[in-house]
Structures are given as structure tokens and as C-alpha cells.
Amino acid sequence: MSIDPTNNKVRLRPTARAGVAFLLSVPLAGCALLGGGERPMSAEANAQEQAQVCAQLPEAAASPATATALLKGEVVPVNPLSQNSPLRDWEHLSFFPFKLPTQYSVMQCGADNKRQLVRIDARSSASSMIRPLNLQAGPDSRIRWKWWIAKPNTKAKTLDRSLEDSPIRVVLAFEGDRSRLSEQDQQFLQRMDMLTRKPAPYATLMYSLGAGVAQYDVITSAHTHTVKIKAVQTQQDRNGLGQWRLFDRNIEEDFVKAFGEKPGRLLSVAIMGDADNTKASSRAYITDLELIGLKE
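If you read the sequence shown in this note's numbering, its first letter stands for residue 25, the second for the next number, and so on.
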């Protein structure tokens, strides 16, 4: 993997001003019916939401031409999209074979289609898009992104194991010595190894929309101490929903606060939306995702 040697920046960056939206038909997976018996959006309401999301999208900061994108934001032709999608370097991960997968779609904005977003539709579902990496975070390493919560999951409760869902998460997975973990956590990771057919990370830090918790609270997963959830935005903050929110987090600081030790190598970054516990639905958008100051 190549990193810009001047600032070690990795980013997802659209390149032009937003305008009218175009939702491309490139879902990886999804389900036909909304959770909880809800009716799907009408075509008119969908078009209005997309137009609003694009019209309010802030300009992206300048980025060196040599920067390597996590989600490539360059202009792509509509056909064949599969070969030029900004998600082409990502992997779709379903956690359990009996769970419905969340739908991830590429949305292009503007008459010239030069800005790209990823739309996440969770409908009684749970899965993620993962970008494999192998980078080392340091004291000044950061992760930045923008997201828009279009439809929060009103049934979600972060502290309730049976209702812990979020319309969007940015998930960082780290390397470490699993033998240092408790027997219970080691067994949990072994089960995840078998279910996903991939090695489970030593530690996972999730930036999430919190429900029923305070902003910036760090919550230990009810399933394992190896997963920590940081509520960078809360569902109670109604003024923060339905608009673009910008985030800029220091990776090492957040990891130390969550786990009490410095992070190992960053193995992947994922985006995720889930509504499997609540059997409900949610919708969100994300763009301008970038890593800064990490080293190979």
C-alpha cells in the first residue's frame, strides 16, 4: 500500500460541488421489506432526501494528488460501475449466515456526477464493508469523516444488549496479543473466527451514534471486552440529525481511553449500519473518510 510521504494521508474525497443527486443501482445486498412493517420511501421522498443531502454537502478540503483513498472519490462512469466503484477495494462481511445483510450503495451528486457518497440502508440487518489495511498509528494519527443520519433507529438503546443497533458506525480493528485476553474474550474471538472465516482482531474501536448515552461516552460491548463503542454523536441530539456532521478523532488517544493501552497495528477500517437486534430500519450517508499520520 502506498502512502503520501509528505503527510501520510489516506482519504475518501469527492472532488466537486454538490448538486442534484443520483443514486446508482449498486447495492451489495439487502432485503425487500423494511423492518417493523414499515413502508419503503416513495420515489419522490427519496429524490428529495438525496437532493438535500447533496445540496448541503460541505466542500472537501484539498488533498494531494498522490494521496491514497480508502473510498476512491474520483469521477466514475455509470457503466460498468462494478469496475470503478469507490467500494471496489472493500470487502463485504456478513457476521452470521442467518442475518440479513445491510445494503451499501454508491450515490453520486451534481450534474457532472463528481461527488460520491456511500448510502447505508439497514433493514433488520447487520453486515459491514471492510477496507483491509496494515498501518501503525502514532500520537498524531487521526481519522476524519463526514456522515449524515437521515433516519435514526428510534428503537435502539446502546446499553441494552438486545437493542444495541446504530444506523452508521466507523469501525477500527487493531492487532494485538490475544493470549493476554481473558478466557471468555478469547473464546468469543475464536467463535468469531469460525463464523466470519477471518481472524478476529485483538481490539475493535467503534465510532457510533449513541442512543440513551452521553456524547463521547465509551461503552464496553455486552458481548466482549475486546469491542468498545465511542458515542461521537447521540440520538437525543435531534438538532444533529438530518445534516452533515464532521468528525476528527485522534486514534491513539481514543484507543488509550477505551482500552488503557496503546494501539497495535491498524488492520482495517469498516463502515457499518445495523438494525438486526431491533428488527427496525435506519438510513445514513458517509463521505470524506480519511486517515492521517499513520505509517506502514
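For glycine and all other residues, C-beta sits at the position ideal for the given N, C-alpha and C.
Checklist entry - Using the beta-carbon count (16 or more within 10 Å), is residue 282 buried or exposed? => result buried
Checklist entry - Cα separation between residue 131 and residue 117? => result 21 Å
Item to check | Reference residue 226; option with closest CA among 80, 142 and 210 | outcome: 210
Next on the checklist: I need the boundaries of the beta strand (DSSP E) containing residue 299, first residue and last residue.
Outcome noted: Unbroken run through residue 299: none, as it is neither H nor E.
Checklist entry - To the nearest angstrom, how far is it from the Cα of residue 122 to the Cα of residue 220? => result 12 Å
Checklist entry - Can you round the beta-carbon distance between residue 252 and residue 244 to whole angstroms, since I take them to be within the 8 Å contact cut? => result 6 Å
Checklist entry - Which whole-angstrom value is the C-beta distance of residue 180 and residue 165, which I expect to be below 8 Å? => result The pair is not a contact, with the Cβ atoms about 30 Å apart (cut-off 8 Å).
Checklist entry - So residue 310 and residue 142 are in contact, right, with Cβ under 8 Å, and what is the actual spacing, rounded? => result 5 Å
Checklist entry - Just checking my contact of residue 291 with residue 198 at CB under 8 Å: how many whole Å lie between their CB atoms? => result 6 Å
Item to check | is_contact[residue 295, chain E] using C-beta, thresh 9 Å | outcome: This model lacks chain E altogether; it includes just one protein chain.
Next on the checklist: Between residue 182 and residue 234, how many whole angstroms is the CB-CB distance? I'm expecting something under 8 Å.
Outcome noted: 5 Å
Checklist entry - Which runs of the alpha helix (DSSP H) fall wholly inside the region 100 to 184 and span at least 4 residues, in chain order? => result 105 to 108
Item to check | Residues of its chain near residue 276, where Cβ-Cβ distance is below 7 Å and the 5 sequence neighbours each way are ignored | outcome: 161, 162, 163, 165, 286 and 287
Checklist entry - Span of the beta strand (DSSP E) holding residue 69? => result Unbroken run through residue 69 is the alpha helix (DSSP H), 67 to 79; no beta strand (DSSP E).
Checklist entry - Looking at the unbroken beta strand (DSSP E) that takes in residue 210, where does it start and where does it end? => result Note, residue 210: premise wrong, no beta strand (DSSP E); alpha helix (DSSP H) at 207 to 220.
Checklist entry - Distance, Cα to Cα, residue 148 vs residue 246? => result 20 Å
Next on the checklist: Pull the bridge partners of residue 85 from the DSSP assignment, please.
Outcome noted: Bridge partners of residue 85: none, in fact.
Checklist entry - Can you name the start and end residues of the beta strand (DSSP E) that residue 195 belongs to? => result 190 to 198
Item to check | Cβ neighbour criterion (16 or more within 10 Å) applied to residue 261 | outcome: exposed
Item to check | Straight-line Cα distance separating residue 184 from residue 171 | outcome: 24 Å
Item to check | Anticipated Cβ contact below 8 Å, residue 139 with residue 113, distance rounded | outcome: Not a contact, Cβ separation roughly 19 Å.
Next on the checklist: Can you tell me which residues form a DSSP beta bridge with residue 274?
Outcome noted: 166
Item to check | Residue nearest to residue 321 in terms of C-alpha spacing, selected from 167, 80 and 193 | outcome: The requested residue 321 does not occur in the structure, where the chain is confined to residues 25 to 320.
Checklist entry - How would you write the range of the beta strand (DSSP E) that residue 307 sits in, first residue to last? => result 305 to 316
Item to check | Which listed residue (120, 204 and 256) has its alpha carbon closest to that of residue 265 | outcome: 256
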